[in-house]
Every structure is written in C-alpha cells, then in structure tokens.
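Right, one structure below, let's go through it.
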Amino acid sequence: MALLCIGIDPETNEDKCPAVFLDTDTGDFVLVGWTVTDPDTLAKVAERTPVADYETVVRLPARMREIITKALEVPDVGERTDLR
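Going from the sequence shown to the numbering used here is simple: count from 1 and add 34.
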C-alpha cells in the first residue's frame, strides 16, 4: 500500500494534525482527524447511519475544505498509472 498525502491542516504548527491521504492502490481515502466524543454529535451521526464497533467518527476543520476537494479531484486509480 502506498499513501499519497493530499494535504494537512494549513493552520497547524505542530507535527500532529488533521490530514487527508489517498491510498494509491485502491483509491480509498485515509483521513486523520479529531476523534468525535461529543454525545450529541455521535447521536446525530447515528440517526443517519449506525457507527460500527470497528469505525470511528472524526472531525476535520472547515479550513481543510480545499484539501478535501483536491482529494476528490484526483482521477480514479485505474486512470492514473503514475499513482501505482
């Protein structure tokens, strides 16, 4: 597996920060974010989709919108030979 770093939180000033990666073998997204523990937020998420024991709800700051959009614009892995 190879991970392509799309970007990190632009306002970070330390090594630990939210980030967006692309798995270049599968095209899956790998997200590093703040673990959501707020019961109200988790309840709202669960109203739409139950969270399995092996899943984690994460939050990314709105200022990362451009980075998230950039990740979505990367062509599918099958169309990009340079990502393999």
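We put the CB at the ideal spot given by N, CA and C, even for glycine.
Here the structure is a predicted model, which means the values were calculated and not measured.
{"Asked": "Cys39 - partner residues in DSSP beta bridges", "Found": "Phe55"}
{"Asked": "Helix, strand or coil at Leu94 according to DSSP, with G and I counted as helix", "Found": "coil"}
{"Asked": "Closest Cα partner of Arg97 within the set Leu38, Leu37, Asp43", "Found": "Asp43"}
{"Asked": "Coarse secondary structure for Val64, derived from DSSP in three states", "Found": "strand"}
{"Asked": "CB contact check: Val66 to chain C, cutoff 7 Å", "Found": "Any reference to chain C falls outside this structure, which holds one protein chain only."}
{"Asked": "Limits of the unbroken alpha helix (DSSP H) element including Pro73", "Found": "73-82"}
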